[in-house]
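Engineer: Just so we're aligned, residue 9 is where the sequence shown starts under my numbering, counting upward by one.
We put the beta carbon where it would ideally sit given N, CA and C, even for glycine.
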Amino acid sequence: MELWPGPWTMLLLFLLLLLLLVPVLWGYSASAKYFCKMAFYNGWILFLAVLAIPVCALRGRNVENMKILRLMLLHIKYLYGIRLEVRGTHHFPPSQPYVVVSNHQSSLDLLGMMEVLPGRCVPIAKRELLWAGPAGLACWLAGVIFIDRKRTGDAISVMAEAAQTLLSQNVRVWVFPEGTRNHNGSMLPFKRGAFHLAVQAQVPIIPIVMSSYKDFYCKKERRFTSGTCQVRVLPPVATEGLTPDNVPDLADRIRHSMLTVFREISTDSRGGGDYRKKPGGAGEAGL
Numbered sequence: 009m010e011l012w013p014g015p016w017t018m019l020l021l022f023l024l025l026l027l028l029l030v031p032v033l034w035g036y037s038a039s040a041k042y043f044c045k046m047a048f049y050n051g052w053i054l055f056l057a058v059l060a061i062p063v064c065a066l067r068g069r070n071v072e073n074m075k076i077l078r079l080m081l082l083h084i085k086y087l088y089g090i091r092l093e094v095r096g097t098h099h100f101p102p103s104q105p106y107v108v109v110s111n112h113q114s115s116l117d118l119l120g121m122m123e124v125l126p127g128r129c130v131p132i133a134k135r136e137l138l139w140a141g142p143a144g145l146a147c148w149l150a151g152v153i154f155i156d157r158k159r160t161g162d163a164i165s166v167m168a169e170a171a172q173t174l175l176s177q178n179v180r181v182w183v184f185p186e187g188t189r190n191h192n193g194s195m196l197p198f199k200r201g202a203f204h205l206a207v208q209a210q211v212p213i214i215p216i217v218m219s220s221y222k223d224f225y226c227k228k229e230r231r232f233t234s235g236t237c238q239v240r241v242l243p244p245v246a247t248e249g250l251t252p253d254n255v256p257d258l259a260d261r262i263r264h265s266m267l268t269v270f271r272e273i274s275t276d277s278r279g280g281g282d283y284r285k286k287p288g289g290a291g292e293a294g295l
């Protein structure tokens, strides 16, 4: 007779214990609430990727599949009670390729990106994402451009190929020029790949600024509540006639304008400005 429970019984008991502990920890520990929310956020995205893969696979690798991913991800802001207030979408050129550059704060940037993502626009992402299970496969099917930042030669080659794709297939690309997530409430120096790409293709650059998340999200403090994020689409910056020699000044100029707007709207999102809340946005009763 087996006196010790089998592995499946142990697993079931563990899951039951976890289900009992989660409500307790949720009510008494802000850190536990933060980790639960982030675990669900990442797990839910992976689950949605699994659902999206067979639908996207019908078309194969195609930038039009990004519409499917966007449609499946738009609801997440409501689950977390995050209100996204957008201004300036009229600045998107209606029928030409361009390069979008945006500040990069955390994985929550995905919510702002999906809120304003224009048609035929795909992100440029680090190559490690390609191996992130179903999420990587879904991104590949949606035409996401992957680069290996550790191998400069490969990154330059991918950017040159992307420039040709911009022009030949009327594709737009979204780049986070800081190169990594920045939690310090400002902006890191910009890497110049996105600006070289725009100058090489002679297409406009569209800066997009998302306000600081610090009133509702802080990784260091293990805090994740509901709140408001301002998203501002700035006027396009022309690159016609510019050469690689102009790239450093171009990158610095755009970073300065984005940082100015970032500071302005981050203050406004805390109640210091005159932004009006859009009706029908996410409420305060999220996860």
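#1: When the distance is taken between beta carbons, is residue 69 closer than 9 Å to residue 182?
#2: What are the complete alpha helix (DSSP H) segments, minimum 4 residues, inside the stretch 36-99?
#3: With C-beta atoms as the reference, is residue 146 less than 9 Å away from residue 57?
#4: Would residue 215 and residue 245 be called neighbours here (beta carbons separated by less than 9 Å)?
#5: Measure how close the beta-carbons of residue 227 and residue 110 come, nearest whole angstrom, since I'm counting them as under 8 Å.
#6: With a threshold of 8 Å, are at least 3 pairs of Cβ atoms found where one atom belongs to the stretch 165-184 and the other to the stretch 198-208?
#7: Using DSSP's beta-bridge definition, name the partner residues of residue 134.
#8: Helix, strand or coil for residue 239, going by three-state DSSP, please let me know.
#9: Measure the Cβ-Cβ separation of residue 230 and residue 43 and say whether it is below 9 Å.
#10: Within this structure, are the beta carbons of residue 236 and residue 95 separated by less than 9 Å?
#11: So the candidates are 55, 136, 143 and 103; which of them puts its Cα closest to the Cα of residue 127?
#12: Closer than 7 Å by C-beta to residue 141: which residues in its own chain qualify, once you throw out the five before and the five after it? Chain order, please.
#13: Pop quiz: residue 89 and residue 234 are said to be a contact at Cβ under 8 Å. What is the actual Cβ separation, rounded to whole angstroms?
#14: According to the neighbour-count rule (16 or more other Cβ atoms, all chains shown, within 10 Å of its Cβ), is residue 180 buried or exposed?
#15: Roughly how many angstroms separate the alpha carbons of residue 273 and residue 223, rounded to a whole number?
#16: Could you give the uninterrupted runs of the beta strand (DSSP E) lying entirely in the stretch 203-276, keeping only those of 3 residues or more?
#17: Would you identify the three-state DSSP class for residue 108, choosing helix, strand or coil?
#18: Which first and last residues belong to the beta strand (DSSP E) in which residue 183 is found?
Structural biologist: So, from the listed chains and residues:
#1: Against a cut-off of 9 Å, the Cβ pair of residue 69 and residue 182 comes out as no contact.
#2: Counting only runs that start and end inside the stretch 36-99, the alpha helix (DSSP H) elements of at least 4 residues fall at 38-65, 74-81 and 84-87.
#3: Yes; because the gap between Cβ atoms is below 9 Å, this pair is in contact.
#4: It is a contact, given that the beta carbons lie within the stated cut-off.
#5: In fact, because the Cβ distance is near 19 Å, the residues do not count as touching under 8 Å.
#6: By the Cβ test, the stretch 165-184 is in contact with the stretch 198-208, since at least three Cβ pairs between them sit closer than 8 Å.
#7: In the DSSP output, where bridge partners are listed per residue, residue 134 has 155.
#8: Strand.
#9: Yes, the pair counts as a contact, with Cβ atoms nearer than the cut-off.
#10: Not in contact: residue 236 and residue 95 (Cβ atoms no closer than 9 Å).
#11: When only C-alpha atoms are compared, the closest one is 103.
#12: 54, listed in sequence order.
#13: Taking the Cβ atoms as the reference, residue 89 lies roughly 3 Å from residue 234, within the contact range of under 8 Å.
#14: It is buried - the Cβ of residue 180 has at least 16 other Cβ atoms within 10 Å.
#15: When only Cα atoms are considered, residue 273 and residue 223 end up about 12 Å apart.
#16: Those beta strand (DSSP E) runs which fall completely within the stretch 203-276 and span 3+ residues are 213-218 and 235-241.
#17: Correct three-state label for residue 108: strand.
#18: Where residue 183 is concerned, the enclosing beta strand (DSSP E) stretches over 180-183.
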